[in-house]
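So for the sequence shown, the numbering used here puts the first residue at 1; every next one is plus one.
Just so you know, even glycine gets a beta-carbon here, dropped at the ideal spot from N, CA and C.
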Amino acid sequence: MSLSLEDRASLFEINWAQQKAGDEIAELNRQIDAQRDVLKGILDQITMLTSRIDALQSSTPVPSAASEPPLSPPRAVSSVARKRFGRSKPHGPVSVGSAPVIAGPKTAEP
C-alpha cells in the first residue's frame, strides 16, 4: 500500500511538529532545572541568614517586660502646690477672642 503525495506531506508535517514539540519540551526542562538551582541557592542563603539571626538573638539579651522597672503613673498636683503657686496672671493687655488689643497708658501696679 502506497501513500498518496498528500498523505506523505501530512505525515512529514506531523513528524516535524513532533520533533519541534520535543525540542521545546527539552528546553523548558533545562530552564526549570536552572530555576530550581537558583531557588536552591536562595534557600541556602535564607537558611544561613536565619541561623545568623538566631545566633545574634541568643547572644544579646532582649530586655523583657519583667526586667524593666515599672513607670510610675503621673501624679496629680496636690492642693497645697496648687494654692502655693496659684494661677499665673498675664502681664499687659490680653486679647479675648479675636478682639484687637489696644495698649492703654501704663499704670503703676500695686
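Query raised in the report: So what does DSSP say about Thr47, is it helix, strand or coil?
Result: helix
Report task. Could you pull out every residue in the same chain whose Cβ sits closer than 6 Å to the Cβ of Gln35, ignoring the five residues on either side in sequence? Result -> Answer for Gln35: no residue qualifies.
Query raised in the report: So what's Ser10 in DSSP terms, helix, strand or just coil?
Result: The answer is helix: DSSP assigns Ser10 an H, G or I state.
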